[in-house]
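Taken in sequence, the protein lines are chains L and V. Note that the first sequence covers residues 1 to 429 in this note's numbering. Note that the second sequence covers residues 430 to 858 in this note's numbering. Glycine residues also receive a C-beta, built at the ideal position from the N, C-alpha and C atoms. All values derive from a computational prediction rather than experimental measurement. What follows is a short report on a single structure.
Protein chains: 2
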Amino acid sequence: MPNKRVALQKQIHEWIRLHREEGTDFLQNLVKIPSTQGNEQRAQFLIADKLLELALEVDLWEPVGEALASHPYFCSPRHQFTGSPNVVGVLKGVGGGRSLLLNGHMDVVPEGNRAQWNDDPYSGQVVDGKLYGRGATDMKGGNVSLLLAIEAIQSIGIKLKGDVIFESVIEEESGGAGTLAAIVKGYKADAALIPEPTNMRIFPKQQGSMWFRIAVKGRSAHGGTRYEGVSAIEKSMIVIQHIRELEVERNARITDPLYANNPIPIPINIGVIHGGNWPSSVADLVTLEGRMGVAPAETLDSAKEEMHQWVARLSEKDPWFEAHPPSVEWFGAQWVPGNVDPDHAFMQVLMAQYRAVKKEEPVIEASPWGTDGGLLTQIGETPCIVFGPGITQVAHYPNEHIELERVFEVAEIVALTIVEWCGCEGVEE
Amino acid sequence: MPNKRVALQKQIHEWIRLHREEGTDFLQNLVKIPSTQGNEQRAQFLIADKLLELALEVDLWEPVGEALASHPYFCSPRHQFTGSPNVVGVLKGVGGGRSLLLNGHMDVVPEGNRAQWNDDPYSGQVVDGKLYGRGATDMKGGNVSLLLAIEAIQSIGIKLKGDVIFESVIEEESGGAGTLAAIVKGYKADAALIPEPTNMRIFPKQQGSMWFRIAVKGRSAHGGTRYEGVSAIEKSMIVIQHIRELEVERNARITDPLYANNPIPIPINIGVIHGGNWPSSVADLVTLEGRMGVAPAETLDSAKEEMHQWVARLSEKDPWFEAHPPSVEWFGAQWVPGNVDPDHAFMQVLMAQYRAVKKEEPVIEASPWGTDGGLLTQIGETPCIVFGPGITQVAHYPNEHIELERVFEVAEIVALTIVEWCGCEGVEE
Chain L
1 MPNKRVALQK
11 QIHEWIRLHR
21 EEGTDFLQNL
31 VKIPSTQGNE
41 QRAQFLIADK
51 LLELALEVDL
61 WEPVGEALAS
71 HPYFCSPRHQ
81 FTGSPNVVGV
91 LKGVGGGRSL
101 LLNGHMDVVP
111 EGNRAQWNDD
121 PYSGQVVDGK
131 LYGRGATDMK
141 GGNVSLLLAI
151 EAIQSIGIKL
161 KGDVIFESVI
171 EEESGGAGTL
181 AAIVKGYKAD
191 AALIPEPTNM
201 RIFPKQQGSM
211 WFRIAVKGRS
221 AHGGTRYEGV
231 SAIEKSMIVI
241 QHIRELEVER
251 NARITDPLYA
261 NNPIPIPINI
271 GVIHGGNWPS
281 SVADLVTLEG
291 RMGVAPAETL
301 DSAKEEMHQW
311 VARLSEKDPW
321 FEAHPPSVEW
331 FGAQWVPGNV
341 DPDHAFMQVL
351 MAQYRAVKKE
361 EPVIEASPWG
371 TDGGLLTQIG
381 ETPCIVFGPG
391 ITQVAHYPNE
401 HIELERVFEV
411 AEIVALTIVE
421 WCGCEGVEE
Chain V
430 MPNKRVALQK
440 QIHEWIRLHR
450 EEGTDFLQNL
460 VKIPSTQGNE
470 QRAQFLIADK
480 LLELALEVDL
490 WEPVGEALAS
500 HPYFCSPRHQ
510 FTGSPNVVGV
520 LKGVGGGRSL
530 LLNGHMDVVP
540 EGNRAQWNDD
550 PYSGQVVDGK
560 LYGRGATDMK
570 GGNVSLLLAI
580 EAIQSIGIKL
590 KGDVIFESVI
600 EEESGGAGTL
610 AAIVKGYKAD
620 AALIPEPTNM
630 RIFPKQQGSM
640 WFRIAVKGRS
650 AHGGTRYEGV
660 SAIEKSMIVI
670 QHIRELEVER
680 NARITDPLYA
690 NNPIPIPINI
700 GVIHGGNWPS
710 SVADLVTLEG
720 RMGVAPAETL
730 DSAKEEMHQW
740 VARLSEKDPW
750 FEAHPPSVEW
760 FGAQWVPGNV
770 DPDHAFMQVL
780 MAQYRAVKKE
790 EPVIEASPWG
800 TDGGLLTQIG
810 ETPCIVFGPG
820 ITQVAHYPNE
830 HIELERVFEV
840 AEIVALTIVE
850 WCGCEGVEE
């Protein structure tokens, strides 16, 4: 009955077309809530309400407990999540189909310097088809695509065979403790999709990353006799150059064609430098903080080990480092890399629905940044693809926005993907 | 009457030998007062008392007024000196002799991290002939040498021909506003001596210095796509290297034999670096702060101009700097370089007294740091030599101390120098 499938596609397309205003309103309401870390509650209650309205089984909880806190992949600046609930909604299938996990984070990064915004950072204002505000692109727009897809399916009365698990999580922006909490609680599926802002590209692989801090020692002296000291600032220049060479070496190993368009697939970015405390003293300590990209096929541990061994080799460049080896520590956030075979069955289903809706070939790449997809794939036993409507370039920036047209396109692609992946009664496999 | 001179020398030697305990007590009392910037009053009152006791004309005032504040060489982090008086004592000669200005600063740098001190930083404790405490070496020990010299002359009843002007000033550690205030008030003489901690070396020339701040711009981007940004940290490495080359060029011009033992006569020290604010962002701004050494024969303005022109040439090394030239500003403290001819008559007198007391040739060098001597020489029309009992290496450091033996030796050398330079009744020229 291919005609039945075509009819369903039309129904879904039509339902979404007719509910654009409601979708836009809901996204506006979400963006108007500044759900930065620690302030996610109101937005999550809004999501929970919507899930109840859609007749899903709702699970709302504040992550807590030893199993989470002691998990080797637990990474968060906090250990208390009071006022920061996760929300999960489960749409049970009738059985006999594949399950799908749909995951999006509700936390947003702070708005930064308000002077750089043309409007209130949480306005949700729509201008020329674009909806503005912190989180519009990263990633409340993607979350609304997911909810619209589920609502379309429920409204049309499609009976899915496999389960759909919708997760609205906290803490993605600071290391994934929200998604990890859902994994620890037992949520998993045969495949997962996260609609992070990919510019409509499909990322079966995602770069992981983690933060490091390197302390470079010197020896203090008066600036007028600086030759009596050893400048940690000058030594840090050697360290920075050395790290640059590690980046070159690591990237030379990346041959994955998904990274063909990326000049540095797994960058090592030194983003912060602090050293010295007096203009006329020789600095005796410089601290470097940065982000190390981790390849999809790597583990965080192997990348860490390579950094430690590389830094230990600094003494080959300058004997100073023999007696004064820089220390390397890992702190703050980390994102596990994601790595799903581009030939995975779920990729094929997703790509086919993309073609059906967009009438063009999807762009398949590996993401230059980490998402919660790495945790789902590597820890949660749920192969995860990242694909979403947001604009990569404006994520975390002033005047963040999203094109509403993309939100509705992704809603349609996701709805079709759910139907194809989970299967539904009345439509042949 | 050479015998009369020899007898006088013996008297001075003997008087100082017999008053070592009083000298030590007085230095202890001074060191026990933490006379950091803004807290000089108690120590200055103690000095004023001593000067009155020695029958000098005492002038104690808090620097103030338009003539000081608008002076082109006024340099201070503050414009109010309430509670921070200067003290000057004048010992009028009977006439017909050369005048001498003796200058020492009463401000001390903060004690820093107390955990690095073996004892209370203001203990004044004496162990094995060394007196400990912040300011002992830099430069209350030298000031006590001056006062002992004057006291010896007064006690013995020597009638000087020329005037002796003793100045206990504030603010040397932050740019010399105390000495400048005394200059503006009209104090000057035929020569000057400052007993800064020189390890008993004689410095007819002193390196000047001033603080600069260079802002290096980049362009922000996410660390995962760092190639989309321009790292201000990487650009700052080019700037640091460029400044290092300026240092080489400037020092290649220094041929003064007084700098023969100094590997870098006029260093440029970059002491502070700050840049970036997020490990996984490309830094868009790095700030460098440093100290530029200024040669005795240079002016501050010509050195500033050379730095500006040099930094402007960065675009030859990297086209980025064409559209994004680093800015250079001058801030905080500055010290005018000092430059007295080693053949100056006062040098000859001082060296002769050194030989008489120490029975060895003095070491003549150029100082690797600035003092108030530059202001006296260049602005105050008073050629100034720097020579003192303190230990260069412990100035500004934890466990600062001075060898008391040196304090008494310098007292004796200064007393003889006063007699020889100013002349006295009953001793032939």
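Q: Output yes or no for whether 7 Å exceeds the beta carbon distance between residue 771 of chain V and residue 624 of chain V.
A: The criterion of a C-beta distance shorter than 7 Å is not satisfied by residue 771 of chain V and residue 624 of chain V.
**Q.** Minimum C-alpha distance to residue 433 of chain L - residue among L:166, L:283, L:13
**A.** Outside the displayed range of chain L (1 to 429) lies residue 433 of chain L, so it cannot be described from this structure.
Q.
If contact is defined by three or more beta carbon pairs under 8 Å, each pair taking one atom from either stretch, is the segment 560-575 of chain V in contact with the segment 810-829 of chain V?
A. Cβ pair count under 8 Å is three or more, so yes.
Q.
Could you give the first and the last residue of the continuous beta strand (DSSP E) run that contains residue 161 of chain L?
A. Membership of residue 161 of chain L in any beta strand (DSSP E) is not indicated, and neither H nor E is assigned to it by DSSP.
Q. Among all the DSSP beta bridges, which residues are the ones paired with residue 290 of chain L?
A. Beta-bridge partners assigned by DSSP to residue 290 of chain L: L:212, L:270.
Q: At 7 Å on the CB atoms, spell out the chain V contacts of residue 291 of chain L, in chain order.
A: For residue 291 of chain L, the chain V residues whose Cβ falls inside 7 Å of its Cβ are 652, 708, 709, in order along the chain.
Q: For residue 701 of chain V, decide whether its Cβ has a neighbour in chain L, counting only Cβ atoms nearer than 7 Å.
A: By this cut-off, residue 701 of chain V is an interface position.
Q.
Distance check for residue 381 of chain L and residue 654 of chain V, CA to CA, integer angstroms please.
A. Taking the straight line joining both Cα atoms gives about 28 Å.
Q | Proximal chain V residues relative to residue 259 of chain L, where beta-carbon distance stays under 7 Å | A | Among the residues of chain V, none has a CB under 7 Å from the CB of residue 259 of chain L; the nearest is roughly 12 Å distant.
**Q.** Beta-carbon proximity check, residue 182 of chain L vs residue 86 of chain L, cutoff 7 Å
**A.** The Cβ-Cβ distance between residue 182 of chain L and residue 86 of chain L falls below 7 Å.
Q | Amino acids of chain V, ordered along the chain, whose beta-carbon sits closer than 8 Å to that of residue 267 of chain L | A | Those are 652, 653, 654, 655, 656, listed as they occur along chain V.
**Q.** Which listed residue (L:96, L:133, L:69, L:124) has its alpha carbon closest to that of residue 396 of chain L
**A.** Ranking L:96, L:133, L:69, L:124 by CA distance to the CA of residue 396 of chain L puts L:133 first.
Q. Name the chain L residues that come within less than 8 Å of residue 715 of chain V, Cβ to Cβ?
A. Under the 8 Å cutoff, chain L gives 273.
Q) Which stretch, first to last residue, makes up the beta strand (DSSP E) that contains residue 561 of chain V? A) Following the DSSP letters along the chain, one finds residue 561 of chain V inside the beta strand (DSSP E) bounded by residues 559-561.
Q) Can you check whether the CB of residue 385 of chain L is closer than 7 Å to the CB of residue 193 of chain L? A) The criterion of a C-beta distance shorter than 7 Å is satisfied by residue 193 of chain L and residue 385 of chain L.
Q | Exposure of residue 447 of chain V, with buried meaning 16 or more beta-carbon neighbours within 10 Å | A | Residue 447 of chain V is classed as exposed because its beta carbon has fewer than 16 other beta carbons within 10 Å across all chains shown.
Q.
Beta-carbon within less than 8 Å of residue 552 of chain V's beta-carbon, same chain only, minus the 5 sequence neighbours each way: which residues are those?
A. These residues qualify, in order along the chain: 460, 461, 561, 562.
Q: Might you give, ordered along the chain, the residues of its own chain that have their beta carbon closer than 7 Å to the beta carbon of residue 76 of chain L, omitting 5 neighbours on each side?
A: Once the five neighbours on either side are set aside, the close Cβ partners of residue 76 of chain L are 171, 174, 175, 177.
Q: Identify each residue in the segment 613-644 of chain V for which the Cβ-Cβ distance to at least one residue of chain L is less than 7 Å, and report them in chain order.
A: Going along the segment 613-644 of chain V in chain order, one finds 636, 638, 640 with a Cβ nearer than 7 Å to chain L.
**Q.** Members of the segment 829-851 of chain V that neighbour chain L once the beta carbon cut-off is set at 9 Å
**A.** So the list is empty, because no residue satisfies the distance condition.
Q) Taking the C-alpha atoms as reference points, what is the distance between residue 1 of chain L and residue 11 of chain L? A) With a pLDDT of only 49 at residue 1 of chain L, under 50, the local geometry of the prediction cannot be trusted, and no value is derived from it.
Q: Please state whether DSSP places residue 710 of chain V in a helix, a strand or coil.
A: Residue 710 of chain V falls in the strand class under three-state DSSP.
(Q) Counting only beta-carbon separations shorter than 7 Å, does residue 373 of chain L have a partner in chain V? (A) No - not a single Cβ of chain V is within 7 Å of the one on residue 373 of chain L.
Q. Is the Cβ of residue 1 of chain L closer than 7 Å to any Cβ of chain V?
A. Here residue 1 of chain L scores only 49 on pLDDT, less than 50, and its place in the model should not be relied on; the value that follows carries that caveat. Interface with chain V (7 Å Cβ-Cβ cutoff): residue 1 of chain L is excluded.
Q) Taking all protein chains shown into account, do 16 or more other C-beta atoms lie within 10 angstroms of the C-beta of residue 357 of chain L, making it buried, or fewer, making it exposed? A) With 16 or more other Cβ atoms within 10 Å, it is buried.
Q) With a CB to CB cut of under 6 Å and the five nearest residues on each side skipped, what residues in its chain are close to residue 659 of chain V? A) For residue 659 of chain V, same chain residues with a beta-carbon under 6 Å away, outside a window of 5 residues either side, are 647, 648 in chain order.
Q.
Quick check on residue 674 of chain V: buried or exposed, where buried means 16 or more other Cβ atoms within 10 Å of its Cβ?
A. Burial is judged here by how many other beta carbons sit within 10 angstroms of a residue's own beta carbon; residue 674 of chain V has fewer than 16 and is exposed.
Q. Beta-carbon of residue 251 of chain L versus every beta-carbon of chain V: anything under 7 Å?
A. For residue 251 of chain L, the answer is no, since every Cβ of chain V falls outside 7 Å of its Cβ.
Q.
Can you tell me whether residue 490 of chain V is helix, strand or coil according to DSSP?
A. In the three-state scheme derived from DSSP, where H, G and I count as helix and E and B as strand, residue 490 of chain V is classed as strand.
Q: Indicate whether at least one CB of chain L lies closer than 7 Å to the CB of residue 539 of chain V.
A: Under the 7 Å criterion on CB atoms, residue 539 of chain V is classed as non-interfacial with respect to chain L.
(Q) So that I know if they touch, is there some Cβ in chain V lying closer than 7 Å to that of residue 117 of chain L? (A) By this cut-off, residue 117 of chain L is not an interface position.
Q) Quick one: what's residue 137 of chain L bridged to in DSSP? A) The partner list for residue 137 of chain L (beta bridge, DSSP) is empty, contrary to what the question assumes.
Q.
Give me the chain L residues within the contact set of residue 793 of chain V, using Cβ-Cβ distance strictly less than 7 Å, ordered along the chain.
A. Neighbours of residue 793 of chain V on chain L: none; closest Cβ ~18 Å, over 7 Å.
Q. If you draw a straight line from the C-alpha of residue 102 of chain L to the C-alpha of residue 91 of chain L, how long is it?
A. Looking at the two C-alpha atoms, the distance is approximately 11 Å.
Q) How about residue 274 of chain L and residue 287 of chain L: are their beta carbons less than 7 Å apart? A) Cβ distance < 7 Å, so residue 274 of chain L and residue 287 of chain L count as in contact.
Q | Positions along the segment 767-799 of chain V whose CB lies within less than 7 Å of some CB in chain L | A | Cβ proximity to chain L below 7 Å picks out 797, 798 from the segment 767-799 of chain V.
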